[in-house]
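The structure appears below as structure tokens.
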């Protein structure tokens with residue numbers, strides 16, 4: 001076993017079972033609801049994600065926070081003291097300050113522990129797109145690849161992690177400034193659903209429109225068909241904002257269209273940090289492609 005740790009943050013939306021099986025360390029991001037701050041652990045121990053989405057549907061405002069330098073240092077130092085090297089795979093710098101905090105913590109701790117290997121990678125990924133990159137990296141670690149090999153692979157392949165999203169309620173994109181109030185009103189009346197992706201700079205970009213929910217879900221799979229590399233051999237990740245039926249529909253369509261065994265398609269909820277901004281009913285599909 002390679003004697004190093006892969007650490008990521010809870011934006012990766014990996015299941016608690018995956019975190020355990022892959023021997024990962026996960027730093028929780030935090031969110032605030034009704035004046036109380038919660039940490040987003042993979043097992044959702046402080047608040048079940050269904051409660052968060054119920055609050056959002058009820059009109060509650062949820063604010064979110066990145067992992068800060070102090071939290072990174074507090075989590076990393078015991079690992080370094082125990083003789084572990086650490087590779088951090090952090091939430092996209094295009095969406096959060098989490099990566100920058102990890103970079104500052106790494107600089108500080110490298111001076112204090114010069115004998116240890118400590119690296120951080122800006123994944124430019126989010127939700128289970130970040131999770132998919134972490135999953136592949138963890139497989140490499142479990143197969144005996146060195147920390148430098150895994151770091152270099154992550155840097156070389158992160159822009160092949162394709163993220164395709166659609167949202168059900170345009171109100172949340174309007175509140176986040178991604179669409180205008182007029183677009184939100186007209187789009188809602190006409191049942192227009194935006195199709196978005198995460199670009200090469202790690203930003204969430206509006207790419208297309210679909211008429212109706214089913215069409216928007218099929219559009220995600222259409223984009224996979226255009227760019228996926230040998231899809232029948234892949235593990236596919238799907239995350240959802242408390243809409244598991246739509247996630248299952250998308251998984252079945254992916255399985256049917258590409259011949260991927262259903263057991264190779266992993267579903268999990270979108271956590272509170274991304275869910276607070278995208279809203280209930282958000283659906284996302286992640287795979288390895290020629291380009292984003």
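Residue numbers (full-length UniProt numbering): 1 to 292.
For glycine and all other residues, C-beta sits at the position ideal for the given N, C-alpha and C.
Here residue 291 carries a coil assignment [DSSP, helix/strand/coil]. Residue 231 places its beta carbon less than 8 Å from that of residue 258. When the beta-carbon positions are compared, residue 89 and residue 6 come within less than 8 Å of each other. For residue 112, the enclosing alpha helix (DSSP H) stretches over residues 98-112. Here the alpha carbons of residue 213 and residue 65 stand approximately 30 Å from one another. From the listed residues 203, 51, 239, the smallest Cα separation to residue 97 is found for 203.
In the same chain as residue 168, and ignoring 5 residues on each side of it, the C-beta atoms closer than 6 Å to its own belong to 281, in chain order. Secondary structure at residue 47: coil, using DSSP grouped into helix, strand and coil.
Residue 194: member of the beta strand (DSSP E) spanning 192-198, first to last residue. Within a 10 Å sphere around the beta-carbon of residue 193 sit 16 or more other beta-carbons, which makes this residue buried. When secondary structure is reduced to three states using DSSP, residue 24 falls in the coil class, being assigned neither helix nor strand. Rounded to the nearest whole angstrom, the CA to CA distance from residue 157 to residue 125 is 11 Å. The alpha carbon of residue 85 has as its nearest neighbour, out of 120, 55, 60, 272, the alpha carbon of 120.
Of the other Cβ atoms in all chains shown, fewer than 16 fall within 10 Å of the Cβ of residue 63; this residue is therefore exposed. Judged by their CB atoms, residue 109 and residue 76 are nearer to each other than the 8 Å cut-off. The C-beta separation of residue 275 from residue 52 comes to about 6 Å, placing the pair in contact by the 8 Å criterion. In this structure, the alpha-carbon of residue 221 lies about 16 Å from that of residue 233. Counting along the chain, residue 220 sits inside the alpha helix (DSSP H) bounded by residues 213-227. With respect to the 8 Å criterion, residue 30 and residue 38 are classified as neighbours on the basis of their beta carbons. Closest option to residue 9, judged by alpha-carbon separation, among 215, 128, 115, 34: 128. Contact between residue 195 and residue 216 is confirmed by a C-beta separation of about 6 Å, below the 8 Å threshold. Contact check for residue 71 against residue 22 fails: the beta carbons are separated by 8 Å or more. Contact check for residue 191 against residue 11 fails: the beta carbons are separated by 8 Å or more.
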